[in-house]
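Some notes on the structure that comes next.
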């Protein structure tokens, strides 16, 4: 489907849909996709967000226990820069690991539908970070949230809702600065957030190798992974970590190989400083914005024509994916 067809498909909604939008069923096309993938609506969900690439992935758990990629959604807008959110009003879209529960679903959002990521989590609160209502929602406007258009949030919201109602206690969301490849880490190696990103790299790699969301905890001011050898150990987000089980060998080997590749890439140069004017937008939406303007894009991504936030900043997004990736 072309981007124009995608936008047009999501621009019209009836008053009935607006009144009961929180109960809209998973669309048939997504149900068909799940059937092809061997999963169903009640199966658990896992989500990954990549700011630099402006993409959101939804994964579903299969009967064997591993997760399969269901669909990748192109993000219309996020705000801020690469790096974690630290303070209310900084316009930063958060980075970290979050858990979405039923109580964090908002069927009455002014951005059609939304769910709260749960920022700040326990670690972020312990560090004094502040902020409220950091959401994944519809439309193409962001002041710290992730906007994926009304049509797309209808699908993602329904997938999360049905999994939670079927008994999944919470949906883990990994919000990452970029795809945690050696190439991206090498490019951003001198960024002051690197040590934080390397913890997120462990989370990302653990999932990619095992195809299961990693067990995580907060201690020593960091994300730590794996089961505690003493489940009753007393510690806090800033306290000393308990003794943890070692990660599976193939996870350790993958992380070591990737970090070795980072060093080799750095020897060849290529480190960049990537500063966003105010967040980013997937290249497909940016092309529409450039060709048709902000008013056109707003009407095609939001049933109530929510304005595109800071369109000039969106057009100055420094990330330019290769043509083969578009």
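Numbering (our numbering), first residue to last: 24 to 349. Note that the Cβ used here is the ideal one computed from N, Cα and C, for glycine as well.
Hey, is residue i's beta-carbon within less than 8 Å of any beta-carbon in chain B?
{"i": "residue 161", "result": "Reference to chain B is not applicable here, since this structure consists of a single protein chain."}
Quick check: the Cα distance between residue i and residue j, rounded to an integer number of angstroms?
{"i": "residue 248", "j": "residue 127", "result": "25 Å"}
{"i": "residue 306", "j": "residue 343", "result": "8 Å"}
{"i": "residue 230", "j": "residue 224", "result": "10 Å"}
{"i": "residue 172", "j": "residue 132", "result": "13 Å"}
{"i": "residue 95", "j": "residue 255", "result": "39 Å"}
{"i": "residue 190", "j": "residue 242", "result": "28 Å"}
{"i": "residue 318", "j": "residue 66", "result": "38 Å"}
{"i": "residue 64", "j": "residue 176", "result": "16 Å"}
{"i": "residue 286", "j": "residue 209", "result": "7 Å"}
{"i": "residue 39", "j": "residue 335", "result": "In this prediction, residue 39 has a pLDDT of 38, which is less than 50 and means its spatial position is unreliable; nothing more can be read from the coordinates."}
{"i": "residue 135", "j": "residue 174", "result": "9 Å"}
{"i": "residue 204", "j": "residue 125", "result": "32 Å"}
{"i": "residue 100", "j": "residue 139", "result": "16 Å"}
{"i": "residue 314", "j": "residue 74", "result": "23 Å"}
Whose CA, out of the options, lies closest to the CA of residue i?
{"i": "residue 282", "options": "238, 218, 271", "result": "218"}
{"i": "residue 69", "options": "156, 155, 193", "result": "193"}
{"i": "residue 55", "options": "280, 166, 178", "result": "178"}
{"i": "residue 116", "options": "63, 246, 77", "result": "77"}
{"i": "residue 149", "options": "262, 299, 205", "result": "262"}
{"i": "residue 79", "options": "314, 250, 86, 159", "result": "159"}
{"i": "residue 268", "options": "244, 291, 240, 284", "result": "240"}
{"i": "residue 186", "options": "48, 330, 206, 151", "result": "48"}
{"i": "residue 183", "options": "84, 331, 75, 151", "result": "84"}
{"i": "residue 53", "options": "181, 284, 275", "result": "181"}
{"i": "residue 152", "options": "188, 165, 137, 110", "result": "110"}
{"i": "residue 288", "options": "331, 86, 206", "result": "206"}
State the beta-bridge partners of residue i as determined by DSSP.
{"i": "residue 100", "result": "170"}
{"i": "residue 119", "result": "198"}
{"i": "residue 251", "result": "267"}
{"i": "residue 72", "result": "79, 198"}
{"i": "residue 137", "result": "129, 160"}
{"i": "residue 246", "result": "241"}
{"i": "residue 91", "result": "83"}
{"i": "residue 352", "result": "Any property of residue 352 remains undetermined from this structure, which presents the chain solely from 24 to 349."}
Mind checking whether residue i and residue j have CB atoms under 8 Å apart?
{"i": "residue 112", "j": "residue 325", "result": "no"}
{"i": "residue 163", "j": "residue 170", "result": "yes"}
{"i": "residue 146", "j": "residue 236", "result": "no"}
{"i": "residue 232", "j": "residue 123", "result": "no"}
{"i": "residue 72", "j": "residue 226", "result": "no"}
{"i": "residue 167", "j": "residue 102", "result": "yes"}
{"i": "residue 141", "j": "residue 108", "result": "no"}
{"i": "residue 277", "j": "residue 265", "result": "no"}
{"i": "residue 106", "j": "residue 216", "result": "yes"}
{"i": "residue 298", "j": "residue 341", "result": "yes"}
{"i": "residue 57", "j": "residue 92", "result": "no"}
{"i": "residue 118", "j": "residue 199", "result": "yes"}
Quick check on residue i: buried or exposed, where buried means 16 or more other Cβ atoms within 10 Å of its Cβ?
{"i": "residue 279", "result": "exposed"}
{"i": "residue 337", "result": "buried"}
{"i": "residue 333", "result": "buried"}
{"i": "residue 320", "result": "buried"}
{"i": "residue 143", "result": "buried"}
{"i": "residue 310", "result": "exposed"}
{"i": "residue 273", "result": "exposed"}
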